[in-house]
Structures are given as structure tokens and as C-alpha cells.
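Participant: One structure coming up, written as C-alpha cells, with questions to follow.
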Amino acid sequence: MNQHSLKFIVKMSRSVHLRNLYRPTVLALPIHKTELSTSCINNKNFLTGSDSYGYKKPSIVENITDKVKFYFRKHKLLAAGYCLYERVADDVDYTSFIKEFNMPDTFNSWFLITELHVWMIIARLMADPSYGRYLRNVVVEALWKDVITRCKKLESEHTAIVKTQVMQMSEEFQAALVTYDEGILSDDTVLASAVWRRILSRECDVRQLEAMIKYVRQTVFYLHKLTIEDLVFKRNVKWIPINEVFKSLPP
1 MNQHSLKFIV
11 KMSRSVHLRN
21 LYRPTVLALP
31 IHKTELSTSC
41 INNKNFLTGS
51 DSYGYKKPSI
61 VENITDKVKF
71 YFRKHKLLAA
81 GYCLYERVAD
91 DVDYTSFIKE
101 FNMPDTFNSW
111 FLITELHVWM
121 IIARLMADPS
131 YGRYLRNVVV
141 EALWKDVITR
151 CKKLESEHTA
161 IVKTQVMQMS
171 EEFQAALVTY
181 DEGILSDDTV
191 LASAVWRRIL
201 SRECDVRQLE
211 AMIKYVRQTV
221 FYLHKLTIED
231 LVFKRNVKWI
241 PINEVFKSLP
251 P
């Protein structure tokens with residue numbers, strides 16, 4: 001490829017609106033297409049103009065007001081974000097998940113289950129234009145602090161080993177967010193592929209896969225209906241029992 005061809009491709013790529021590259025084929029939930037994206041890059045580009053899916057760009061006064069409010073609430077939001085992560089680590093029924101989906105009782109299974117629920121939480125947080133991005137970062141920070149603590153207890157006190165393990169998990173976590181985002185914004189086939197590859201480790205029966213898809217969609221919809229006040233400050237998060245999801249499936 002010559003230099004002129006390369007310049008032409010770069011110029012054309014810059015002229016393509018990013019939202020067209022991320023447009024899903026089917027939207028299974030009656031909500032904004034951008035609200036469930038856990039990627040800060042996606043949201044930044046989606047919400048840059050008043051013509052993006054009906055989003056109205058805030059005025060300068062509104063921006064300044066939001067920044068002042070954020071400054072005075074920052075410490076409260078920090079504590080709230082950590083408490084929100086605790087709703088995952090403390091309240092999710094890990095035992096039932098491991099039993100119902102025939103997962104090995106290992107640290108990796110704990111992480112995969114936690115990762116899924118953290119993603120559902122931050123997907124809801126990113127729908128809030130004021131505090132969503134900051135809260136998402138706090139929840140993810142709390143996740144990795146918890147992971148590092150558990151790694152040191154379970155594996156080794158050697159910093160180099162723990163650091164290598166966490167770095168690998170971090171890369172897998174970022175990839176999982178992308179596949180989960182794509183799955184929830186698409187049809188059940190794409191979502192099934194995401195959970196089958198990631199959390200079910202490509203080993204499950206059809207009933208287990210159906211239950212996981214139903215659980216994810218019901219939970220995401222439930223979290224989306226909660227106000228940010230109820231979710232973050234009142235912490236009224238009640239996880240759907242996974243055994244009830246299995247019972248609701250047709251025989």
C-alpha cells in the first residue's frame with residue numbers, strides 16, 4: 001500500500017461517525033442504546049452533540065453547575081461506590097451460581113461471577129450523565145483492590161506473581177466488558193455467545209445457557225428501573241435468585 005492510499009484511508013476513517021460503527025442489529029431493551037455501554041470512549045463520542053439519539057447537549061451554565069455539585073459530593077460518591085461494590089461481593093449468592101452452572105469452586109469462578117455483576121452495575125451507572133463515569137471508576141477500583149487482597153491470601157505474598165496475575169485478569173476483564181456490552185445491545189444469540197465463552201467456559205447445556213441469558217436481561221432491566229439515588233445512596237439492590245430463574249424456565 002503506497003503512502004497516498006494510506007492517507008486516503010485515514011482521512012475517510014475520520015469522517016465516519018463513530019455511532020454508526022457501534023450500531024447494534026437488535027435492541028432487546030426499551031432504553032437508550034448508549035446507556036448500557038461501559039466504555040468511556042463509546043459514551044464520550046456518542047454524547048458529543050445534540051443530534052445523537054435525541055441527547056441534548058448541556059449548556060455552559062449547566063456544565064459548571066454539575067461540576068460544582070460533583071466537587072462537593074465527590075467524597076460521598078467515593079464511599080457510595082465502594083459500598084455498591086460490596087452489594088456484589090457480599091450479596092450475590094455465589095454458592096447457587098457454582099451449583100446451578102456446574103462451575104468449579106475456585107477463585108476464577110468467583111471472579112467470573114463477580115465480573116458479570118460488576119458489569120451489570122457499571123452498565124447502569126453509565127446511564128447517569130452526572131456521576132456515572134466517576135462511580136464506574138470507583139466500583140472498578142474497589143473490584144481490583146478486592147482481587148489483589150484475595151490473590152495475596154490464596155496464592156502468594158510475592159508482589160511480582162500477584163501483579164502478573166492481576167494484569168492478566170485486567171486484560172480479560174476489559175475484553176469481557178466489550179463482549180457483554182455487545183451482547184446486551186444485540187439479540188440473544190450474541191449475548192449467549194458472550195456468556196458461553198466467558199462465564200460458562202464453553203461447557204454447559206442449553207437449559208443453563210437459557211437461564212443465564214434470562215438472568216442477565218432481567219437483572220439489567222431491573223437495575224435500569226432503579227433511580228440513581230436508590231441504587232447508589234440507598235443501595236436498594238436485590239439480586240434475583242438464580243434458582244428462581246431456573247424454576248421459571250419451561251420444562
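The sequence shown begins at 1 in UniProt numbering and counts up by one.
C-beta atoms are modelled at their ideal positions from N, C-alpha and C, and glycine is treated no differently.
1. Can you list, in chain order, the residues of its chain whose CB lies under 7 Å from that of residue 109, leaving out five sequence neighbours each side?
2. Evaluate the contact criterion for the region 126-141 versus the region 216-236: three or more CB pairs, one atom per stretch, below 8 Å.
3. DSSP three-state call for residue 111: helix, strand or coil?
4. Less than 8 Å separating the beta-carbons of residue 81 and residue 162?
5. Out of curiosity, what's the CA-to-CA distance linking residue 196 and residue 203?
6. In the DSSP assignment, the alpha helix (DSSP H) including residue 163 goes from what residue to what residue?
7. Which stretch, first to last residue, makes up the alpha helix (DSSP H) that contains residue 243?
8. List the endpoints of the continuous alpha helix (DSSP H) containing residue 96.
9. Consult DSSP for residue 126 and reduce its assignment to one of helix, strand or coil.
10. Select from 117, 126 and 107 the residue whose C-alpha is nearest the C-alpha of residue 215.
11. Under 8 Å, do residue 176 and residue 115 count as touching if we go by C-beta distance?
12. Pick out whichever of 79, 91 and 83 has its Cα sitting closest to the Cα of residue 238.
13. Among 75, 113 and 107, which has the Cα closest to the Cα of residue 93?
14. Identify whether residue 255 lies in helix, strand or coil by the three-state DSSP scheme.
Facilitator: Taking the coordinates as given:
1. Counting from one through the sequence shown, the residue named residue 109 turns up at place 109. In chain order, 98 and 103 place their CB closer than 7 Å to the CB of residue 109, counting only its own chain and leaving out the 5 sequence neighbours on each side.
2. Segment contact: the region 126-141 against the region 216-236, three or more CB-CB distances shorter than 8 Å; contact assigned.
3. Translated into the one-based positions of the sequence shown, residue 111 becomes position 111. In this structure, DSSP gives residue 111 a helical state, which the three-state scheme calls helix.
4. Locating residue 81 in the sequence shown gives position 81, where the first residue counts as 1. Locating residue 162 in the sequence shown gives position 162, where the first residue counts as 1. For residue 81 and residue 162, no; Cβs fall outside 8 Å.
5. Counting from 1 along the sequence shown, the entry for residue 196 is found at position 196. Counting from 1 along the sequence shown, the entry for residue 203 is found at position 203. If you take the alpha carbons of residue 196 and residue 203, they lie about 7 Å apart.
6. Counting from 1 along the sequence shown, the entry for residue 163 is found at position 163. Run containing residue 163: 159-184, per the alpha helix (DSSP H) assignment.
7. Locating residue 243 in the sequence shown gives position 243, counting from the first residue. In the DSSP assignment, residue 243 falls within the alpha helix (DSSP H) that extends over 242-248.
8. Walking along the sequence shown from the start, residue 96 turns up at place 96. Boundaries of the alpha helix (DSSP H) around residue 96: 94-100.
9. In the sequence shown, residue 126 corresponds to position 126, counting from 1. In the structure shown, residue 126 falls within a coil segment according to DSSP collapsed to helix, strand and coil.
10. Position 215 of the sequence shown, counted from the start, is the residue given in the question as residue 215. Nearest in C-alpha terms to residue 215, of all of 117, 126 and 107, is 117.
11. The residue you call residue 176 lines up with position 176 of the sequence shown. The residue you call residue 115 lines up with position 115 of the sequence shown. Yes. Within cutoff.
12. Residue 238 sits at position 238 when you count from the first residue of the sequence shown. Closest option to residue 238, Cα to Cα, is 91.
13. By 1-based counting over the sequence shown, the position of residue 93 is 93. Closest by alpha carbon: 113.
14. The requested residue 255 is not part of the displayed model; the chain covers only 1 to 251.
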